[in-house]
Structures are given as structure tokens and as C-alpha cells.
Amino acid sequence: MSVRGPAFGLLLLLFCPAQVFSQSCIWYGECGIASGDKRYNCRYSGPPKPLPQDGYDLVQELCPGFFFGNVSLCCDVQQLHTLKDNLQLPLQFLSRCPSCFYNLVNLFCELTCSPRQSQFLNVTATEDYVDPATNQTKTNVKELQYYVGESFANAMYNSCRDVEAPSSNEKALGLLCGHEASACNATNWIEYMFNKDNGQAPFTITPVFSDLPTHGMEPMNNATKGCDESVDEVTGPCSCQDCSAVCGPKPQPPPPPVPWRILGLDAMYVIMWSTYMAFLLVFFGAFFAVWCYRKRYFVSEFTPIDGNIPFSINASDKGGPTCCDPLGAAFEAHLRRLFEWWGSFCVRHPGCVVFFSVAFIAACSSGLVFIQVTTDPVDLWSAPGSQARLEKEYFDTHFGPFFRTEQLIIRAPHTPPHIYEPYPSGADVPFGPPLAVDILHQVLDLQTAIESITASYNNETVTLRDICVAPLSPYNQNCTILSVLNYFQNSHSVLDHQVGDDFFVYADYHTHFLYCVRAPASLNDTSLLHDPCLGTFGGPVFPWLVLGGYDDQNYNNATALVITFPVNNYYNDTEKLQRAQAWEREFINFVQNYENPNLTISFKAERSIEDELNRESNSDVFTVLISYGVMFLYISIALGHIKSCRRLLVDSKISLGIAGVLIVLSSVACSLGIFSYIRVPLTLIVIEVIPFLVLAVGVDNIFILVQTYQRDERLQGETLDQQVGRVLGEVAPSMFLSSFAETVAFFLGGLSVMPAVHTFSLFAGMAVLIDFLLQITCFVSLLGLDIKRQEKNQLDVLCCVGGAADDAGIQASESCLFRFFRNSYAPLLLKDWMRPLVVAVFVGVLSFSIAVLNKVEIGLDQSLSMPDDSYVTDYFQSLNQYLHAGPPVYFVLEEGHDYTSTKGQDMVCGGLGCNNDSLVQQVFTAAQLDSYTRIGFAPSSWIDDYFDWVKPQSSCCRIYNSTEQFCNASVVNPTCVRCRPLTPEGKQRPQGADFMRFLPMFLSDNPNPKCGKGGHAAYSAAVNILDNGTRVGATYFMTYHTVLQTSADFIDAMEKARLIASNITRTMNQQGGDHRVFPYSVFYVFYEQYLTMIDDTIFNLSVSLGAIFLVAVVLLGCELWSAVIMCATIAMILVNMFGVMWLWGISLNAVSLVNLVMSCGISVEFCSHITRAFTVSTKGSRVERAEEALSHMGSSVFSGITLTKFGGIIVLAFAKSQIFQIFYFRMYLAMVLLGATHGLIFLPVLLSYIGPSINKAKSLTTQQRYRGTEREQLLNF
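Sequential numbering of the sequence shown, starting at 607, is according to the numbering used here.
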């Protein structure tokens, strides 16, 4: 045993190496034709043969592990050429990650040339073949089994699964696996590559996966490289973008902000409710304490309250004048005398005053011949110096303006979904209604008809091809049409293409569709059809752009088709732009009149929104005119005070009312004319809003002036001009206070950078100022003339006709409204039990409004800008319901970056050797957090595709060796050679002059079956080449936002994109760069205003309130406390406006901010007159002064503003425009109701509690002034 044991062991040692390392082939050379230009390999069972020397370069390039000894292999030179050709497609997509491509090549090298093939390859089917050249009979290998180690397969898959395909925003395996990248695994990937139905394999190879020997075969289980490992000393590991192992764990978005809650409830609600309860407790506690304290002084609770009782709520103002009182009295007296003199002058010289007023109006209004109306939405919503505007101009200048889009969303509501059953096996696949073949044919007919639309412009015919985006022009004139039909080359015959027999259909449009949605850039669907997926225009059609209503990424479940026709936009070329608009007009007419019972179509052209806005404005002109007509009619009738039917036409003031309205409109015309002289363009907001504002301000002043005169009695020995002058002296300071405060507030509002607010503020300030000047000049003169007419008993309007005489003459009279305010309303409001209730209610409303202040939405739903009956409204609804991709976003790297150096390239690219915090990598990382960043896809990276394209291993970059001109990969010419040598240096990225030498070739190369990386269609517009091709200027990297539906989505997307860009800029600057990266999307210029909307709102309203306060302090005669109370009431109105906005669903945007600024101005009218009347009253207590102020001013304010506006506002509720209904009817109604309630209810009550003390100096002056007269009312407004 001791002898036999060693002998047996020695025998094993002698035989085992021969079995393990035996070299034997299963094929050698190529034989018969399998299909097309693909051939079978020839059966051969002998030892490997030495490779001829002309194949050494090939084996070194493809399979360097076999280049040793005499290079004996199981393949000849032709097989190596075939292997190289077959590796071109995966090379273009997987060589970004060297270890991935190394493993893949290892798999195919072992299959094709391994000298030990017989260990893991088992031939299962052959057939004889007669070589026509030699007449020798050979054997074709038709089928075989390839035993592959399961460990090897998994390792190869793991090294490749993260590799990106930059031009298509997809994982590369999605293009190479026959399945979506998410459904791809090691097994089905290798099975797909070896399946002859994929269009690449010449015959069927069945992979058998096992790590253990089986059926006498030893599986191929070579060592692999992980994607985080280097293949050799020259190349590094794969980039983070192509290998998640290099990146580390997937980044996590920051947690959403925790809602501010107290006891599980919204904190603002709790705080304001608690504050309100505390206020009520303190307020009513103090009230009852004072009431109980006063009870001790009275025998009966009905005893009148004495002003001398301590702590009386109605306490009188005792003591001498303060230091500011004489100054205020002197200012008041000078202002009164000035207006008295001026009023008398206007009544004495009406002809002169009216003439110069008309001349002034004519001179100012003449500027309207230079009027410019801004209709461009960019100019309306974006300031010229804003960041988004500057970035838009930079993008437009360097890359051309963003294209115009004509889009259709098509549904098939009457078509049921259907099931596709793949042959011979596979799970059933459901298909949505619009993907039925008959529906697709009908949609293709529609698409073709749209392509055939012709328009006429300047007697020239305009077709879609004249204006469309054609990226491969002039080589390929086909228009870019983003449509699912482009998967079928927009052809009925391709759509009907199928392969099968009399019993089964092996492949049809279902097969092609399922492949193309995974590999939209493919030129061969690798099914039995072998049809291309690439669009006829030369670019890919991404499924998320042309399909809608699907779940997750199951594109086959789509319930809508989206067809987009991008049309060239033109930067400062009006002629070409109008040609495009002419075609769009015909497009709209065609689709509106298109009828197909099987299709439901929602659509929009680029010009649609502007067209609908114009139609909306025209349709609502009649509504607005009725609104103003109602107000004019009311003013004309309400100004008069009719004593009897007999004197109806004598006492009426229709002509004076019309004159007052014309003065208001003239002030608007003058404002427009003055700014038109200096070429300040106006906007639709100015036209729609300012007449309403000036009418409110102007009519209020008219009512105050006329009604004060009607209640006044002419003093003994006083002439008409003196009486009117005296009346004007009494009321003009109040008119001056309100008008001047509004003017200053509006002019300061012009400091706003928001174009809509800036323009409105300038025009409004000027209109209010001119309106006041015309009222104290022209209107006063016209009032004097009307009084003379009335005194002569001449009819109104028909002033030359005499009317019924009144023996009593014109006497002071009080309107019913005035008597109601004086006798009923004011006493009721200011009763001791009513005032606390008023305070409690108004403070409660204020508390509620503060609680919801931060809940008012910011933005403007674009569908609100459309009329109710607009086809665009239906389009917006379909857009929100069906689309799965947001707008494209471009990350622009400004001119100046050095792309020719390794350091500069590493800062930008996303492939091998690039920085983990490069531009492309940071955008890629952001796309992984799409729900947070709203970046939906990895970016298209021209520089990474360029590096893949220029590799010497690829067949893409070739030049004619004689002329060094570019030679396309599809050209068969022996003089075409690689651009770069197949050396270690040649395999590196091009730098310096080499980078710039080949870049123009890449950008002009059209994709073809030999090279799918050509950059003409995808990147020709993305790269600026400057100085005759010597340097790269500005470039962009494009991706898409996620689906954006609400204003909040758009705002958040822009914020996050800017945050990403700023991080990229900061990172590049830390690495030595000094150029900025910024994001650009077409909607940024419209939504940027919302980023600072809160700040702008606070600024504008604060400036307006501050200006009103300063003016009030001065014009109230240094009455500081009065100004504080007035401004506090106006601030309450503004805060309550936000409460109404929240309740009524009105968002905060430029339109509503304009209305809020206007609300601030109108609130002055409601509050200033009451406040000033209180300050000049000489009654004994605050309650009495408040009652007098409300009695004398309340009726004029109520009739002058509230009733005037209410009638006009109600008409706006019937407007077709949703903007009119929401932002004008609702907000106007709110501002009038809130202004009236605060000015006529809350303010008098507040003044009765904490109003300023009597100005003793004014009181003494007034008493001296009227001493000896019959007037018992010291001030009679």
C-alpha cells in the first residue's frame, strides 16, 4: 500500500494537467451565410491554430489576454473582424465604464477565439455547407450551448447595470438588454445578446449558467473587474455616474420641514385664537370695570354721562393747547385760505379756467399718439434687469430662442384597451386604447394632414417645413415631430410591418413599440422586424414625451398620445416670426374644424394663449363698458337733490355728473399721454385697473364737494363765489390729504422692480394727481356755472330752457342719506353697548386674517388667464392629467471654460475619470432625488458622448488619410482611418488641439447603424465653437423637470434648479474655475417674480403705508396720533384683504399685488375724510366728535365710493374671463366692502375710544371765525 499510493498520486499529477489545460476548438473560420451579411462559423474539432500576423493588431485591440506565445487561437482574422463589428454597438454605450466593457469583451473573446473552447462550448446543431470557391464541403455551426459561470455573469451585469447613455437619458442596458433597464438582469441580458432574433447574433447560442461543472462541461468563469476597479494602470475605475459603488450610498433628500403645530393644531390658529381670547378678556374686563366704577356716581343707570367723571370712556379733552397745536392750526388756516381764494377765483373766471383745463387735457392726451401697449408676456411679468431675464437673453443669444411648440393630446375614449400575446412565449402585455393599430393609423393621417397645412404670408406660401426645427438640415430636411408614430418612421407601411406565417404573428407593431420605448435611439429594433426607432428627423423620441396617462414606466398602458411640432423661434426677426405665426393660425383653424368620432383632441399652438387673451379682452370690453356705464348713470343721478317733481330737471345735476366723470376719464387719458410722451409702455393691467381706481378717488371728492355745498347756507352778504370758495376751503384740505397721500404712495410704489406693479404705480400716481388738480380747477368752475343755472331756474342738460320757478330760491338741503347717517346710523353705532361689539367683531376678523396670512397661495394658475369657453382650458386640463414629463431645463456653462485640459474636462464630464462632483455628476445625482429636486432625468452630456465617439476602438471617428477630412462610419473606403491611434496615449481623452480638431466632426456627424453616437441631431445647438474652431464657448447640458402642475411646483422646480447650479458653480470655482453655471427653462422668466413675491408685497405695501402716514402727519396739521390711527385702519383693511383672498381662493401674484396697492389707495378715501373731520371737530367728547365726523362725512363717502363702485362691481361678476371674475370682481368687491365697513363702522368707533384730543388752537380759531354768525355747526362737511 505504501508503494502503490505514491505511484497512483504521481499518475494523477501526470494526467490532470493534460485534462485541465487541454486546448481544443469547436470552430475555426467562417462558412455559409446565416442571414444578410452574417455568416455561420465552420465546425472544427482540432487544436488552436497560430493567428496570421495581420491579425495581431486586432487581437491586441480586442482580446489582449490571448496575445502571448505564437498566438494560437480558435478563430481566424475574419472572425476577429466580425467580432469587432459586433462589438461596435455595445462599445458606444458601455465603454464609458472600462471594467464593464472589459468583462463584456471577455465574454465574447472566450466565445469566439478561446483556445479552450471545447471546455465550455457544446455544438448542438450543424449543417453541411459547400464552399463555392473551393467546392469543399464544410460544416456550419447552427446552434450551440455556452456554459457561463453564474458568478461571472452576475459580476459582469453588476459592473454594467449603472452605465448611462447620455444622449437618451437612459441606462445603457435599456438599449442592449431587450428589456427596460429596471427589468434587466444577468440572465436575460446574456440570453438576449445570444438570441439570433435580436438582429445581431448570426445563430442561436443558448447560455447555460452554472458555477459547477455540468454535463461534462467546465463553465467559463474568468476573473472579472468590478466597476470600482481599474482595468489597468492607465485607466481608472468607472465614474460615479456609471457605478453606484464608486458613489457610495444613494443620497437622501433632506426631510420636509416639520409643520409648525401647537397641541397638534396649526400654530398660527392657536396663537391668534389665544391672542383674540386674551384681548376679549382684557377689553371687556376693562370695559365692565369702568362701567361698574361709573355706576357709583349715578343714582340711575339712565343718568347722562358727565364728561368730568374720572375714567369716563367719553372723557372730554380739557386743558390748554400743546406746543404742536398752534403749528397745526396755522397750517390749517393757511391751507383753508388758499383754497378759499382759489375757489372764488375759479367761480369768478370759469371760462378762463375751463379753457386752460381743456388745453392742458388736450396737450397731455396728445401723447396718446405715441402710445405703446406691452403684450409680450415676458415684458409684462419680468423686469429687464432680473436674473431670469438676463439668463434668457444669454441663452437666446448663444443658442437661439427656445422653440415654439404646437402640441396635441389625443385620446380614444370609445376604443377599449387590448392585450398583446407575444409569440412564442412571454407574459401578456396590456395596451391602452390609443395604441390600437387602427387608432394609430387615424392619428398618423391627422399628423400627415397637419404636415400638409399651408398658410399665406405676404403673398408667400408657408409650410411646416419652412418653419420647423430640422436638426439635420440640410442633409435631412425632415421636421422634428415628437410623436409615437416616429417609431414607425411616420409610415403606414412600417406600422403594418409584421413577420409571421399562416398561423402565428412572430413580430408586429407591438414588438417594435415595446423595444423603441426602451431604446428610442436605436437604428435596429433587434426583433425580427429590424425596423429603426430613431425618428425620421435624426433624433430619439423619448416615450415620456409622446405618451401620457400610463402608470410608472409601463408605457404600453398609455391612455393618451402626445404629438409635438417644435417650430423655430426667431430672436429679433419679426418677419420670420410672423411667418411662423401665420402657419400657427392655420394650424389652429384646422384642428378646431377637424372631426373624427374616434378621437378626442386637446391642443395648443404657441400663439394660442396670446390669441385667447386678446379674444378675452375683446369679449369683456362690453362687460366693462356696462360696469362703467352703471357707475356713470348712478353718479349723474345721485349728485342732484330733487325737491319736487316739478323741479326735477332743474335740481338734477346730470350734466355736472357727466362733467365730473369726463374729468376723471380725462385724468386717466392725461396720465397715459404724459408717459407715452416719454415712451413708457403701458400694460393691459393699467388700462383695466386705473379707470376704476381714479373713478373711486375722483367720484368721492365730487360727492364731498357737491353735497357739502348742498348742505351749506349762504351767509348774509356773501356772494356765490365767496360761498363756493368757503366750501372749497372747508373740504379741499380733506380732498388734498387723500389725493396727495395716494399720489405719493403710488409714485413710491413705482420703485418696485415688478413690471406690472411699477407701471401701474406710475400711471396711477399721475392720474390721481391730475384728477385732483382738475377737480379743484375745472370742476369747481363747472360747479359754479351749474349753481348759476339752477338759481336761474334753467333746465339741466338743456340749459337754455327755463324751468319751474322756486320762490324760495336755493336753500340748504339735506339728503335722505345724510339725515339717516346723522339721526339714526351714527347714534346707533356709537352707543355704549354697540361699540364694544364692533371692536370685538373687527378684532376677531383681523385675528382670523393674520392666522391665514401665511396660507395664501403664491402664483397664478395659467388656466385662469383663459376664458371659460377656450379650447386652451381643455388643453391645460389634459396637460395636468396625462403628461409625464415637465419642461426641458438646460444647465448652461457660460463662455470661458477650458474644455481642452484634463482638469477642465474633469469639472464637467460624467464618465471615466471625471470628478465625482462634476457638473454632469451633480445633475445626475439630483435626478436620483427627483421628488425633491424636480429634475426628472440624467442630463444629456455632449462631452461624454464626444469622448465615446472619438475613441480609437470605435468606428465613429475616422478621417480620409489623404485629406484628413471627416469620414462617416457608414462610408466603406480603405482610405478612411482612425482619427486617433490605437495606443495607450490614443485611448486617452483628446486634449489641446486634438480636442478642438475632432469636436466639429462630432457635432456634424449624423447617427447611423455603424455609429449611433453622432452628435449632429442631439448636440449641434448645445456647443458654441468660437474663433474659427479654436475654442469652445458657452455650452449646455439638457435634462427635463418632473411633471409640474401647480404654480408651487413651477416655483419649487426653479428654486431647486438654481440651487443645483449654484452648487456646481461653487464646486468649479473651488477647483480653479471662474465661470458661472445657471439653469434655464422657458417658464423661469414668468415664475421668477414669485421667488420674491412676499418681499415685494411687504415692500410695496409698507412703502405705500409709510407714504400715507407721512403725508397724513403733515396735512392733518402735525396730528401724529390721527395719522397712526388712520394708517392702522388701512393696515387692517390690507390684512383682511389677505383673509378674503384665502377664503375665496385668490392667489398672490402680480395682478393681485396691483389690486392690493390699489386697495391701499382706495382705503385712504374711506378713512382720511372721517379722520380729518374728527380732528377738526370742536365737540366736547370723542364720541360726539366721532358722531359728527360720521354724520357729515359718512354719507358722502358711502354714496361717493361704496354705492358707486358696488353697482359697477356686480356687473363684473358676469364677465367671461376667469381673471375678471377672480381678480377684479372678487377683489374689487372685497376692497369696497372692507373699506366701507372699516371706514364707516370700525374707524369711528376706534376714534371714539382712542382718538386724538381736540386741537385747542384750531378750536379757538374756529370759534373766532364764526363768532356772531347764525351757524351753530362749526364745521359743516
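Note that beta-carbon positions come from the ideal geometry of N, C-alpha and C, so glycine has one too.
Of the choices the options, whose alpha-carbon is the least far from that of residue i?
i	options	result
Pro1885	Leu779, Arg722 and Phe714	Residue 1885 is absent from the structure shown; the chain starts at 607 and stops at 1883.
Asn1742	Ile1815, Glu1771 and Gly1841	Gly1841
Ser1453	Pro658, Phe885 and Ser1708	Phe885
Leu664	Asp643, Cys680 and His687	His687
Ala1018	Tyr1029, Phe1037 and Thr1003	Phe1037
Leu1466	Val1720, Gln1824 and Pro857	Gln1824
Ser1340	Gln1328, Gly1304 and Gly1323	Gly1304
Asp691	Cys1617, Phe1689 and Met1644	Cys1617
Trp1555	Asp1107, Phe1601, Val1763 and Ser1728	Phe1601
In angstroms with no decimal places, state the Cα-to-Cα distance between residue i and residue j.
i	j	result
Ala1188	Leu1205	26 Å
Arg1332	Thr1325	11 Å
Thr793	Gly1032	15 Å
Tyr1885	Val1105	What the structure shows of the chain is the stretch from 607 to 1883, and residue 1885 is not part of that stretch, so it cannot be assessed.
Ala1640	Leu1101	41 Å
Asp643	Thr1021	43 Å
Ser1507	Gly1598	6 Å
Asp1306	Trp1748	29 Å
Ile967	His940	29 Å
Pro653	Asp734	21 Å
Gly973	Arg1071	44 Å
Ala1362	Ala989	9 Å
Met1237	Leu1245	12 Å
Leu1299	Ile1293	11 Å
Phe1110	Met1472	52 Å
What three-state label does DSSP hand residue i in the structure shown?
i	result
Asp1157	strand
Gly1639	strand
Tyr1029	coil
Gly652	coil
Arg702	coil
Gln1329	helix
Ser678	strand
Met1644	strand
Val1068	strand
Pro857	coil
Val626	Because the pLDDT of Val626 is 42, which lies under 50, any placement of that residue in the model is unreliable, and the question is left without a value.
Lys1437	coil
Arg1213	coil
Gln1559	coil
Glu786	coil
Ile1549	helix
Arg1907	Past the boundaries of the shown model lies residue 1907; the chain is included only from 607 to 1883, so the question cannot be answered.
His1024	strand
Ile1087	coil
Gly638	strand
Under 8 Å between C-beta atoms, does residue i make it to chain B?
i	result
Asp1114	Looking for chain B here will not work: only one protein chain is present.
Between residue i and residue j, how many whole angstroms is the CB-CB distance? I'm expecting something under 8 Å.
i	j	result
Ser1774	Met1732	6 Å
Tyr1686	Phe1001	5 Å
Leu602	Cys790	Outside the shown range of the chain, which is 607 to 1883, sits residue 602, and nothing can be said about it.
Ala1166	Ile1015	5 Å
Pro1077	Ala1623	4 Å
Is it true that the segment 1002-1019 meets the segment 1304-1324, where meeting means three or more beta-carbon pairs spaced less than 8 Å apart?
-> no
Flag this pair as touching only if the segment 1692-1703 and the segment 1657-1665 have three or more C-beta atom pairs under 8 Å; answer yes or no.
-> yes
Below 8 Å, can you find three or more Cβ-Cβ pairs linking the segment 1375-1382 to the segment 1265-1284?
-> yes
Okay, do the segment 1383-1396 and the segment 953-960 touch, 3+ Cβ pairs below 8 Å being the bar?
-> yes
Any chance the segment 1423-1434 sits against the segment 1708-1728, with 3 or more Cβ pairs inside 8 Å?
-> no
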